[in-house]
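Only one structure is covered here, and it is reproduced in the block below.
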Ligand SMILES: Nc1ncnc2c1ncn2[C@@H]1O[C@H](COP(=O)(O)OP(=O)(O)O)[C@@H](O)[C@H]1O
Ligand SMILES: Cc1cn([C@H]2C[C@H](O)[C@@H](COP(=O)(O)OP(=O)(O)O)O2)c(=O)[nH]c1=O
């Protein structure tokens with residue numbers, strides 16, 4: 062029997078799309094199937110990464126500083142959490158990964174894509190998610206959900222143009238990498254979305 066590394070699953074979408082709502086559900090489905098699962102998030106996922114998260118979500122800073130801090134947090138996350146877990150055969154779920162940097166810093170803020178590609182090559186040249194769920198909703202739906210629930214961080218306070226550009230970059234990447242992306246129409250009801258997620262998870266862990 063050949064040893065296989067675990068699978069790496071990422072969750073993406075604009076703020077308020079419903080990503081967090083479904084991570085627990087997918088984690089529970091996988092654990093119920095006997096999978097050893099590590100669940101984490103970005104920015105964050107390590108003690109240092111969580112400190113960087115506080116800074117990057119709340120302090121004003123230059124766009125390139127923001128991108129570099131996202132990748133600094135990611136470097137630590139890959140080294141300390143993701144790579145060791147995958148190597149021992151565990152699966153990893155991450156609430157956001159590098160697609161978020163392309164979507165938010167690239168699409169939303171307009172940072173040159175080539176700079177993001179260089180950082181990606183530097184930080185994780187040999188690692189890509191096996192599966193990326195993109196929770197996609199029209200901006201108005203996401204905003205209505207967010208406004209109803211919580212205090213908004215630096216990104217969540219951005220304007221419509223920012224989120225439309227972010228969403229478009231996510232969709233562009235989903236079209237560019239169709240083998241790993243699953244675009245979930247997140248304007249549907251939670252039970253409908255769960256049904257689709259469960260079918261995908263079952264096919265993956267069969
Ligand atoms: N499909 C859905 N239909 C209605 N409300 C939803 C749906 N998905 C999520 N919500 C609600 O929208 C809000 C934001 O969802 P959340 O999962 O926190 O979004 P995200 O993690 O993508 O920012 C929460 O109050 C959640 O209960
Ligand atoms: C990972 C990552 C996140 N972000 C942003 C997207 C989100 O607005 C924010 C935090 O993500 P998230 O944890 O999804 O926020 P919340 O806990 O409020 O649901 O960080 C980037 O701009 N670039 C990145 O590379």
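Residue numbers (the numbering used here): 62 to 267.
Just so it is clear, CB atoms sit at the ideal spot from N, CA and C, and this is done for glycine as well.
Alpha carbon of residue i to alpha carbon of residue j, nearest angstrom
i	j	result
residue 101	residue 138	9 angstroms
residue 126	residue 267	42 angstroms
residue 154	residue 94	15 angstroms
residue 173	residue 202	29 angstroms
residue 46	residue 191	An answer regarding residue 46 cannot be provided, because it is not within the stretch 62 to 267 covered by the chain.
residue 247	residue 65	32 angstroms
residue 263	residue 188	23 angstroms
residue 132	residue 251	32 angstroms
residue 89	residue 261	14 angstroms
Simplified DSSP state of residue i, which is helix, strand or coil
i	result
residue 71	strand
residue 198	coil
residue 158	coil
residue 102	strand
residue 193	strand
residue 242	strand
Proximal residues to residue i (C-beta, below 6 angstroms), its chain only, five neighbours per side dropped
i	result
residue 106	138 and 142
residue 276	With the chain running from 62 to 267 in the structure shown, residue 276 is simply not present.
residue 111	105
Test item: CB-CB of residue i and residue j under 7 angstroms
i	j	result
residue 215	residue 91	no
residue 73	residue 160	yes
residue 71	residue 227	no
residue 81	residue 104	no
residue 242	residue 177	no
residue 99	residue 128	no
residue 244	residue 235	yes
residue 200	residue 225	yes
residue 109	residue 130	no
Of the listed residues the options, nearest to residue i (C-alpha basis)
i	options	result
residue 152	68, 178 and 167	68
residue 169	66, 76 and 210	76
residue 150	197, 97, 120 and 188	97
residue 157	249, 240, 265 and 79	79
residue 186	144, 198, 239 and 204	144
7 angstroms CB neighbourhood of residue i in its chain, flanking five on each side removed
i	result
residue 136	184
residue 86	255 and 258
residue 181	159
Cβ-based neighbour list, residue i, same chain, cut-off 8 angstroms, excluding 5 preceding and 5 following
i	result
residue 84	72, 100, 154 and 156
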